[in-house]
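Colleague: The structure follows.
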């Protein structure tokens, strides 16, 4: 629990494993047809 001002509240934090692309359970959420905005092939 954290306090903001004098108001007690809860903080929700997502575990870092949720974004780990090397975990097998996280594979399959990327679309291979999605544009690569930061690719040197597209934007030299």
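In my numbering, the protein residues as written are -14 to 29. Cβ coordinates follow ideal geometry from the N, Cα and C atoms, glycine included.
#1: Given a cut-off of 9 Å on the beta-carbon distance, is the pair residue 11 and residue 3 in contact?
#2: What residues in its chain sit with their C-beta under 8 Å from that of residue -6, if we drop five residues either side in the sequence?
#3: In its own chain, which residues sit with a C-beta less than 7 Å from the C-beta of residue -1, not counting the 5 before and 5 after it?
#4: Helix, strand or coil for residue -2 per DSSP?
#5: Taking 8 Å as the limit between beta carbons, can you name the residues of its chain near residue 8, skipping five residues before and five after?
Modeller: Per the coordinate set shown:
#1: In the chain shown, counting from the first residue as 1, residue 11 sits at position 26. In the chain shown, counting from the first residue as 1, residue 3 sits at position 18. Their beta carbons are under 9 Å apart, which means residue 11 touches residue 3 by this criterion.
#2: Position 9 of the chain shown, counted from the start, is the residue given in the question as residue -6. Correct list, in chain order: -14, -13 and -12.
#3: Sequence index remark: in the chain shown, residue -1 carries index 14 (1-based). Within the same chain, residue -1 has no close Cβ partners at all.
#4: The residue labelled residue -2 in the question sits at position 13 within the chain shown. Residue -2: coil per DSSP, three-state reduction.
#5: In the chain shown, counting from the first residue as 1, residue 8 sits at position 23. Excluding residues within five positions, the ones whose Cβ falls inside 8 Å are 2.
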